[in-house]
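Shown next, in structure tokens, is the structure this report addresses.
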Amino acid sequence: MKNKIKVFRAMHDLTQEALAQELKVTRQTILAIEKGKYDPSLELAFKIARFFGVSVEEVFIYD
Amino acid sequence: MKQNTFYLLAGIVGLIEVGLFWLSVVLRNPLIITAGFIMGVGLLYVARMTVTDIREDERAVLISQKAGSRTLEVFWVLFFAVSLGSAVIGFGTPLGLPRPRELPRDFPRDEPHLGYFGIFQMIMLCCIAFLYIGFRVYYARKYGEWDSDEE
């Protein structure tokens, strides 16, 4: 599964650490998701999408 | 409680357990270390619940779960094999199945081997710990624990 977290993060001028604190996860988790090494749970995926104010499909792309 | 305070407490409990083990051996009373160990682990579980600055998210939980289940999958085979061997020794005594009249010279006699078996079990438990750490490192790498930051 691909994702555009890095793009949205850049658009909102957020560091991985800042985003991780907002979502109450570790920075390593954000890094692992961005690199495609870890697929987040549905709950975290929705949290990420809601945080950026977009739908889940806009952040995560199933390939 | 801070996480470092918890680690300090865990170290102190560990030292107390060593002391209790020594006391158990001196007094020849296995109940001391058995009860002491259960109380020590219980204390650490309660103390861990009060740690406030722990940061564990779903990825960390997944790594722990995967490592734990893999360790169990691998270890039960070894543990069952050893237990089967122990059962053969147990059934070989007069309390179990009747023994053959002519025993091989190296067949275990009726001396109490329980203590040695306990030491062997402790060695196996240490192997579990190493196996768990190995799997944990493997899954941590798989899920990007030590990846470098690209920011």
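Sequences listed follow chains X and P, in order. Whatever position you read off the first sequence (first residue = 1), add 1 for my numbering. Whatever position you read off the second sequence (first residue = 1), add 35 for my numbering. Here a beta-carbon is modelled for each residue, glycine too, at the ideal position from N, C-alpha and C. From a predicted model like this one, the values you see are computed outputs, not experimental measurements.
{"query": "P:D91 versus P:G120 - alpha carbon distance", "result": "The sequence shown places Glu at residue 91 of chain P, not Asp. Looking at the two C-alpha atoms, the distance is approximately 41 Å."}
{"query": "Stretch-stretch touch, CB-based, cutoff 8 Å, three pairs: the region 57-66 of chain P with the region 100-109 of chain P", "result": "no"}
{"query": "Near-chain X residues of the region 91-104 of chain P - C-beta to any C-beta below 9 Å", "result": "E91, D92, E93, R94, A95, L97"}
{"query": "Rounded separation between P:K177 and P:L166 - CA only", "result": "17 Å"}
{"query": "Residue range of the unbroken alpha helix (DSSP H) whose run includes X:L15", "result": "It is not in any alpha helix (DSSP H) - X:L15 carries neither H nor E in the DSSP assignment."}
{"query": "CB contact below 7 Å: P:P88 versus chain X", "result": "According to the sequence provided, residue 88 of chain P is Asp. The question's Pro does not apply to it. For P:D88, the answer is no, since every Cβ of chain X falls outside 7 Å of its Cβ."}
{"query": "Under the three-state DSSP convention, the category P:K177 falls into", "result": "helix"}
{"query": "Cutoff 7 Å: P:E180 Cβ touching any chain X Cβ", "result": "yes"}
{"query": "Among P:A82, P:W181, P:S183, P:G169, the one whose alpha carbon lies nearest that of P:K101", "result": "P:G169"}
{"query": "Contact with chain P by X:K36, beta-carbon distance below 7 Å", "result": "yes"}
{"query": "Exposure label - X:Q29; buried when at least 16 CB within 10 Å", "result": "buried"}
{"query": "Reduced DSSP secondary structure (H/G/I, E/B, other) of X:K48", "result": "helix"}
{"query": "Local conformation of P:I89 per DSSP, three classes", "result": "coil"}
{"query": "Beta-ladder partner(s) of X:K3, from DSSP", "result": "X:I62"}
{"query": "Contact set between X:Q45 and chain P, taken where Cβ atoms lie within less than 7 Å", "result": "Here residue 45 of chain X turns out to be Leu, not Gln, going by the sequence shown. Here the neighbours are E93."}
{"query": "Min CB distance X:Q29 to chain P below 7 Å", "result": "yes"}
{"query": "Through-space distance from P:I124 to P:M36, alpha-carbon basis", "result": "49 Å"}
{"query": "Secondary structure of X:G37, DSSP reduced to three states", "result": "coil"}
{"query": "Assigned exposure category for X:T27 - 16 Cβ within 10 Å defines buried", "result": "buried"}
{"query": "Touching by the beta-carbon criterion (3+ pairs, under 8 Å), the region 28-46 of chain X and the region 77-93 of chain P", "result": "yes"}
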